[in-house]
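A.B. asks: This structure is in structure tokens; I'll ask about it shortly.
There are 2 protein chains.
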Amino acid sequence: MDQSSTASPPPAHGATVAHIVERLREDILAHRLSPGARLIESELTARFDVSRGPVREALRRLAAEGLIAHAPNRGAVVRRLTARDISELFEIRLELEGLAARRAAEAGDACERERFADAIRVIFDDAPRLACDYLAENADFHDAVMRLAGNRQLQDLSMRLHLPLIMAQVGAALTAEVLRLSVLEHRAIAKAILAQDPNGATAAMRAHLERAAAFALAREEEE
Amino acid sequence: MDQSSTASPPPAHGATVAHIVERLREDILAHRLSPGARLIESELTARFDVSRGPVREALRRLAAEGLIAHAPNRGAVVRRLTARDISELFEIRLELEGLAARRAAEAGDACERERFADAIRVIFDDAPRLACDYLAENADFHDAVMRLAGNRQLQDLSMRLHLPLIMAQVGAALTAEVLRLSVLEHRAIAKAILAQDPNGATAAMRAHLERAAAFALAREEEE
DNA sequence: ACGCCTGGATTGTAGGACAATATCATCGCC
DNA sequence: GGCGATGATATTGTCCTACAATCCAGGCGT
Chain A
331 MDQSSTASPP PAHGATVAHI VERLREDILA HRLSPGARLI ESELTARFDV
381 SRGPVREALR RLAAEGLIAH APNRGAVVRR LTARDISELF EIRLELEGLA
431 ARRAAEAGDA CERERFADAI RVIFDDAPRL ACDYLAENAD FHDAVMRLAG
481 NRQLQDLSMR LHLPLIMAQV GAALTAEVLR LSVLEHRAIA KAILAQDPNG
531 ATAAMRAHLE RAAAFALARE EEE
Chain B
331 MDQSSTASPP PAHGATVAHI VERLREDILA HRLSPGARLI ESELTARFDV
381 SRGPVREALR RLAAEGLIAH APNRGAVVRR LTARDISELF EIRLELEGLA
431 ARRAAEAGDA CERERFADAI RVIFDDAPRL ACDYLAENAD FHDAVMRLAG
481 NRQLQDLSMR LHLPLIMAQV GAALTAEVLR LSVLEHRAIA KAILAQDPNG
531 ATAAMRAHLE RAAAFALARE EEE
């Protein structure tokens, strides 16, 4: 049961809750805690050597993020996304990221565009990627698009679409071929955005997400 | 400072937090607590006669909902939406509710369609509305569309679009004429959905929201 | 077998205490 | 007299202990 974080440096005052949230989030997204695993307050107080207050607060934050599910008097468990959840989330992502791609392509500020071009430079690297590297690259890319789009509410909302959680659930099945295809799609999106082609950017983003959704659902139904 | 809820019946065990959240939400949405007002833990413990635990938990839930803003070591204040916030939120609503209208129009289940028709019956009432009645009717209508669309994640997300908060901030300026127009737009959306016309439903919903956004922003900039 | 009931595990809430931090008013210095 | 340092106050962050309420499982009698 050693979760690799028992003996970490005690964080400064005011950072206790954030620290617990971070550790638990890492554990969930890295599958050290499997979906359905119970998170028991007394165990967590022992593991992090803090009182129940911060533990309860951390659990509430994770619940608000959607990473864990909470039942009254029965505690929290790591959330498991159903195939339906994943399908519905991708349907929403299609609209929201499609919008983000459009706004990003329309963005006029030269400085922002410069930063964007800089942030996504890595996707033009031709070297094959490891699955975990691609996961980070993918998250960064979608973040960069959202940022260039300039809609803060959209950025906030994208956190609720649980992309990391989906990836944690289906990401293990990523093959080199799928990775290569995804990178190519990212480049197509990036080119349309840099060419200030809103319709093209939207279309490329939607195509990318439709393929990703199909892949995720196929993987999910294999179980 | 009597917030009208001090002496309410103490809720059953396990409902304390929910009770506090409800009361504060009501106070915020009814403008009994103005944007920027501070929510101080010690005041709330006194007002509701509970300990700090449930109060802190309630504040956290309201923060997760986006109704209050939270600063470290400085406490919580009632959130004030800027014109930019409102504009961005409507841009997102346009996409999400447009999608919901489309899916609702495509929904095949006869029983669900029946329930929808029943839930929105009130919008075909020709009597003029009071502003507060329209607010409830509007929320119910959009909820009903979301429900018929059958995407649960979409329903969850719609809570984060802060329609009630926006309405609380600009709703005071609703004139009878604006109300009448909105009701007509609702009917157009409903008709397209019941006629199973996805494109028409999406277009009608987007038109409705574009007008509402323009109205809200105009009102907001008057200050 | 079936349902009741008891007991352990776990969460929900109370209340008090202290440390850390922010806020604000006052005071001294230039 | 204005401006920065200093201290008092208010408020939040965390810890501790205790108890009530609830859920779950397993034993009991019928």
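Line order of the protein sequences matches chains A and B. Using our numbering, you'd call the opening residue of the first sequence number 331 and step up by one each time. Using our numbering, you'd call the opening residue of the second sequence number 331 and step up by one each time. For every residue, glycine included, the Cβ atom is placed at its ideal position computed from N, Cα and C.
1) Buried or exposed for B/Arg353, please, with buried defined as at least 16 other CB atoms from any protein chain shown within 10 angstroms of its CB.
2) Which full runs of the alpha helix (DSSP H) of 4+ residues lie inside the segment 404-474 of chain B, going along the chain?
3) Just the C-alpha distance for B/His516 and A/Pro365, rounded to the nearest angstrom, thanks.
4) What are the partner residues of B/Ile398, as DSSP defines its beta bridges?
5) Return the Cβ separation of B/Arg390 and A/Arg377 in integer angstroms, given the expectation that the two are a contact with Cβ distance under 8 Å.
6) Closer than 7 Å by beta-carbon distance: list the chain A residues that pair up with B/Gln483, in chain order.
7) Which residues does DSSP list as the beta-bridge partners of B/Leu369?
8) Cα separation between B/Ser335 and B/Ser381?
9) Name the two residues that bound the continuous alpha helix (DSSP H) containing A/Ala533.
10) Taking its Cβ as the centre, do 16 or more other Cβ atoms sit within 10 Å of B/Ser372, making it buried, or is it exposed?
11) Against chain A, with Cβ distances strictly below 7 Å, would B/Ser334 count as a contact?
12) Classify B/Thr375 as helix, strand or coil using the three-state DSSP reduction.
13) On the three-state DSSP scale, how would you describe B/Val380?
14) Nearest by alpha-carbon distance to B/Asp486: which of A/Asp486, A/Arg490, A/Leu484 and A/Asp439 is it?
15) Give, in chain order, every residue of the segment 384-415 of chain B whose Cβ lies closer than 9 Å to some Cβ of chain A.
16) Can you tell me whether A/Phe420 is buried or exposed? The criterion is at least 16 other CB atoms within 10 Å of its CB, across all chains shown.
17) Taking its Cβ as the centre, do 16 or more other Cβ atoms sit within 10 Å of A/Arg386, making it buried, or is it exposed?
18) Determine the chain B residues that contact A/Arg490 at a beta-carbon separation under 9 Å, and present them in chain order.
19) For the ligand SAM, I want to know if A/Ala449 counts as a neighbour, meaning its beta carbon is within less than 6 Å of at least one of the ligand's heavy atoms.
20) Can you tell me whether B/Arg477 is buried or exposed, with buried defined as 16 or more other CB within 10 angstroms of its CB?
21) Mind listing which residues of the segment 421-453 of chain A have their C-beta closer than 7 Å to chain B's C-betas, in chain order?
22) Quick check on the burial criterion: 16 or more other C-beta atoms within 10 angstroms. Buried or exposed for B/Thr412?
23) Over the uninterrupted alpha helix (DSSP H) stretch that includes B/Ser488, give me the two end residues.
24) Distance, Cα to Cα, B/Val407 vs A/Ala548?
25) Indicate the three-state DSSP secondary structure (helix, strand or coil) for B/Arg477 in the structure shown.
26) Distance cutoff 7 Å, beta carbons only. Does B/Gly344 sit that close to anything in chain A?
27) Is A/Val500 closer than 7 Å to A/Glu551 when the C-beta atoms are compared?
28) Of the choices A/Arg510, A/Gly428, A/Gly438 and A/Arg459, whose alpha-carbon is the least far from that of A/Glu540?
29) How many Å lie between A/Met283 and A/Asp415 at the Cα?
30) Compare the Cα-Cα distances from B/Glu507 to each of B/Tyr464, B/Val347 and B/Gly480 and report the closest residue.
31) Would you check if the distance between the CB atom of B/Leu359 and the CB atom of B/Pro494 is smaller than 7 Å?
32) Considering only C-alpha positions, which residue in the set B/Glu425, B/Gly405 and B/Phe454 is nearest to B/Ile370?
C.D. replies: The answer reads as follows:
1) Your numbering for residue 353 of chain B matches position 23 in the second sequence. That one is buried.
2) 413-436 and 440-449
3) As a first step, residue 516 of chain B must be located in the second sequence, where it is residue number 186. As a first step, residue 365 of chain A must be located in the first sequence, where it is residue number 35. Roughly 42 Å separates the two Cα atoms.
4) Position 68 of the second sequence, counted from the start, is the residue given in the question as residue 398 of chain B. According to DSSP, residue pairing for B/Ile398 in a beta bridge involves B/Val408.
5) As a first step, residue 390 of chain B must be located in the second sequence, where it is residue number 60. As a first step, residue 377 of chain A must be located in the first sequence, where it is residue number 47. Contact flag wrong, Cβ pair sits at about 22 Å.
6) Taking the second sequence and counting its residues from 1, the one referred to as residue 483 of chain B is at position 153. Chain A residues near B/Gln483: Asp415, Glu418, Leu419 and Ile422.
7) Taking the second sequence and counting its residues from 1, the one referred to as residue 369 of chain B is at position 39. Looking at the DSSP assignment, B/Leu369 forms a beta bridge with B/Ala406.
8) Along the second sequence, read from residue 1 onward, the residue named residue 335 of chain B stands at position 5. Along the second sequence, read from residue 1 onward, the residue named residue 381 of chain B stands at position 51. Low local confidence applies: a pLDDT of 42 at B/Ser335 is under 50, so the model's placement there is unreliable, with the coordinate-based value given in what follows. For B/Ser335 and B/Ser381, the distance between alpha carbons rounds to 16 Å.
9) As a working mapping, residue 533 of chain A is identified with position 203 in the first sequence. First-last of the alpha helix (DSSP H) with A/Ala533: Pro528 to Glu551.
10) In the second sequence, the residue the question calls residue 372 of chain B occupies position 42. So B/Ser372 counts as exposed.
11) Sequence index remark: in the second sequence, residue 334 of chain B carries index 4 (1-based). Its pLDDT being 42, under 50, B/Ser334 is placed unreliably in this model, and the value from its coordinates should be taken loosely. It does not; no Cβ of chain A falls within 7 Å.
12) The count along the second sequence starts at 1 and reaches residue 375 of chain B at position 45. B/Thr375 falls in the helix class under three-state DSSP.
13) Within the second sequence, the letter at position 50 stands for residue 380 of chain B. Coil at B/Val380, not helix or strand.
14) Indexing the second sequence from 1 puts residue 486 of chain B at position 156. From the listed residues A/Asp486, A/Arg490, A/Leu484 and A/Asp439, the smallest Cα separation to B/Asp486 is found for A/Arg490.
15) Arg386, Glu387, Arg390, Arg391, Ala393, Ala394, Glu395, Gly396, Pro402, Asn403, Arg414 and Asp415
16) By 1-based counting over the first sequence, the position of residue 420 of chain A is 90. Buried is the call here.
17) In the first sequence, counting from the first residue as 1, residue 386 of chain A sits at position 56. Buried: at least 16 other Cβ atoms inside 10 Å.
18) Translated into positions along the first sequence, residue 490 of chain A becomes position 160. Chain B residues near A/Arg490: Gln483, Asp486, Leu487 and Arg490.
19) Only the bare structure without any ligand can be found here, which leaves the ligand SAM out of the picture.
20) For this step, residue 477 of chain B is matched to residue 147 along the second sequence. B/Arg477 is buried by the Cβ-count criterion.
21) Answer set for the segment 421-453 of chain A: Glu421, Ile422, Glu425, Leu426 and Leu429.
22) Taking the second sequence and counting its residues from 1, one reaches residue 412 of chain B at position 82. Exposed, because fewer than 16 other Cβ atoms sit within 10 Å of the Cβ of B/Thr412.
23) Here residue 488 of chain B refers to the residue found at position 158 of the second sequence. Segment Arg482 to Ser488, the alpha helix (DSSP H) holding B/Ser488.
24) Here the question's residue 407 of chain B lines up with position 77 in the second sequence. Here the question's residue 548 of chain A lines up with position 218 in the first sequence. Cα to Cα, B/Val407 sits roughly 45 Å from A/Ala548.
25) Here residue 477 of chain B refers to the residue found at position 147 of the second sequence. The answer is helix: DSSP assigns B/Arg477 an H, G or I state.
26) Within the second sequence, residue 344 of chain B is the residue found at index 14, counting from 1. Under the Cβ distance rule, B/Gly344 counts among the residues neighbouring chain A, one pair being separated by less than 7 Å.
27) Position 221 of the first sequence, counted from the first residue, corresponds to residue 551 of chain A. Position 170 of the first sequence, counted from the first residue, corresponds to residue 500 of chain A. Cβ atoms of A/Glu551 and A/Val500: not closer than 7 Å.
28) Locating residue 540 of chain A in the first sequence gives position 210, where the first residue counts as 1. Nearest C-alpha to A/Glu540: A/Gly428.
29) Residue 283 of chain A cannot be examined here, being either before or after the span of chain A that is shown, 331 to 553.
30) As a position in the second sequence, residue 507 of chain B is number 177, starting the count at 1. The candidate whose alpha carbon is nearest that of B/Glu507 is B/Tyr464.
31) Locating residue 359 of chain B in the second sequence gives position 29, counting from the first residue. Locating residue 494 of chain B in the second sequence gives position 164, counting from the first residue. Yes, these two residues count as a Cβ contact at 7 Å.
32) Locating residue 370 of chain B in the second sequence gives position 40, where the first residue counts as 1. Cα-wise, what sits closest to B/Ile370 is B/Gly405.
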